[in-house]
Amino acid sequence: MRVLCALLAVALAVREEANEYVELSAEQEEMLDQEMKLVPAKISKAIRRAQRLSQEAMLQAEAKKANLTAAKQEAETKAAEALQQSEASTTASEEARKKREAAEAQQNEADKALESDNAAQAAWKTSNAKLDEMETRYNDEEGKYRELAERVKREVQRLMNEKLQAAKALEALKEEKLQLATEVHALKAEAQAKGGILMAAAEKAEQAQAAMEEADRAAEEAQNAAEAAQNQFVSSKAAAEYAEQSYLEAASEFERKSEMAKLVKKVRDSVQAFYDNSDAMTKSMEAALEGQQGTAEKKPAHELLRADPNTKTALVAYNEMVLTFRQLLVKSKDFYTYVAGGVHEIHENAEAAIQLQCDPEEELELAAKESGDQTDLHEKCGQGVWRDLELEQQRFPHLEGKHVDAQHVVASR
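In case it helps, mature numbering (1 follows the signal peptide of the UniProt record, and there is no 0) puts the sequence shown at residues -18 to -1, 1 to 395.
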């Protein structure tokens, strides 16, 4: 539609120039009067003036025709350029669409690789199946829209070309009609001069002809006005369609940014949820350790940690928090840069919180440092905790494509 708007704008400009009224200036009129003062006969003066005016009008019409020819050529050049740009944009859009579909297919394959019989996947698999169905529907509708848009463009070009050819044919018939009418009038005048036509009847015919000529001019002016109005309507309609399209794009962009705002809030809430659950785990573990003071048999802290339900809740909250950070990076690298600086601190706090409860008196850590072997520490307070609780620790993303290594969140110090 942008091409159509450009063509119609040029067409309207040409139409306005063609409708300008031709008249002589006051200075030209005065000069002409001075020249004619030497001629005694008023009729001679009138004829000469009429001859001069007709010559002036013809020259101005010729100049206007040349201007309109140049304007037409310029319009045709702009139309060709606009068409070329439209074709290039369509090609680029098609290439981008194919890349998107390829990326979508790769994502679907990657999602399929994630599926297993794990019960925790049930809700995700159901929702993902609905998303696959929705993507199929969207791709079908998008394909129909592309075909419709291309058909509209071709049809607009066809109709505009057809209308132009019809206008040329009509103009040719008008010229032919004018020539024939001139010939008829000449023959009628000749017949009247030779007494073949009664004067009274001829005068009535002349009055009728004058009325017809006036009506013809009025009809032509009305046709030109209707043509201009039609062009304005088509141009306005195209502009309105483009405005509607732009509004839909703006509304879509607003929705995307609203979703981004929700995601940023979700990141914030996930961090708070992790710290809240971490505090709950800390208080629960402290109560458990205090509860077995003075008893003969004490369970080691790493066993109490595994037995405490708050531990798994805190680790799940940690994973959920990390995944919201990863989702934010996928959706917007720019927004992720705003929060990426706090990732290392969160990582260290998580490490410290779990290690404090797993090895409160630093027995395991000191033994690992003395022996140089951290296997036991990793097993009791590192990845062994995640494995025993049937969890896989998620990793924070990093902007350079690296990850903050949280696999040994407890035993890496």
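Even glycine gets a Cβ: it sits at the ideal position worked out from N, Cα and C. Just so it is clear, the structure is predicted and the values come from calculations on it, not from any experiment.
For Trp368, the number of other beta carbons within 10 angstroms of its own is at least 16, and it is reported as buried. With distances taken between CA atoms, Ala269 lies nearest to Leu287 out of Asp114, Pro379, Leu287 and Ala184. Rounded to whole angstroms, the Cβ separation of Ala296 and Ser260 is 5 angstroms, and the two are in contact under 8 angstroms. Within 10 angstroms of the beta-carbon of Lys294 lie 16 or more other beta-carbons, which makes it buried. When only Cα atoms are considered, Gln66 and Ser314 end up about 34 angstroms apart. For Ile328, the uninterrupted alpha helix (DSSP H) run begins and ends at Val325 to Cys340, by DSSP. Beyond the five residues adjoining it in sequence on each side, Leu305 comes within less than 7 angstroms, by CB distance, of Gln376 in the same chain, given in chain order. Per DSSP, reduced to three states, the secondary structure at Asn100 is coil, with no helix or strand assignment.
CA-to-CA, the gap between Met194 and Glu185 works out to about 14 angstroms.
Judged by their CB atoms, Leu245 and Leu310 are nearer to each other than the 7 angstroms cut-off. Taking C-beta atoms under 8 angstroms as the contact rule, Pro342 and Leu271 qualify, at a distance of about 7 angstroms. Shown here, Ser314 sits in coil according to DSSP, grouped into three states, outside any helix or strand. Here DSSP, grouped into helix, strand and coil, assigns Asp251 to helix.
Exclusion of the five residues before and after Asn100 leaves no residue of its chain whose Cβ lies closer than 6 angstroms to its Cβ.
DSSP, read as helix, strand or coil, puts Leu348 in helix.
Boundaries of the alpha helix (DSSP H) harbouring Gln365: Gln365 to Asp370, taken from the DSSP string. In the DSSP annotation of this structure, the continuous segment of the alpha helix (DSSP H) that includes Leu286 starts and ends at Ala283 to Ala289. Two segments are said to touch when three or more pairs of C-beta atoms, one from each, lie closer than 8 angstroms; by this definition the stretch 332 to 342 touches the stretch 353 to 366. A Cβ-Cβ separation of about 54 angstroms leaves Glu153 out of contact with Glu117 under the 8 angstroms criterion. Of Ala149, Glu235, Glu231 and Glu69, the smallest CA-CA separation from Glu202 is found for Ala149.
For Lys280, same chain residues with a beta-carbon under 8 angstroms away, outside a window of 5 residues either side, are Gln274 in chain order.
Ranked by Cα distance from Lys239, the options Gln356, Leu113 and Asp316 are led by Asp316.
Residue state for Ala163 is assigned as helix, using DSSP reduced to three classes.
Cβ-Cβ separation between Tyr300 and Phe256: approximately 5 angstroms, consistent with a contact (criterion under 8 angstroms). In this structure, Glu302 lies away from Ser266, with their beta-carbon atoms at least 7 angstroms apart.
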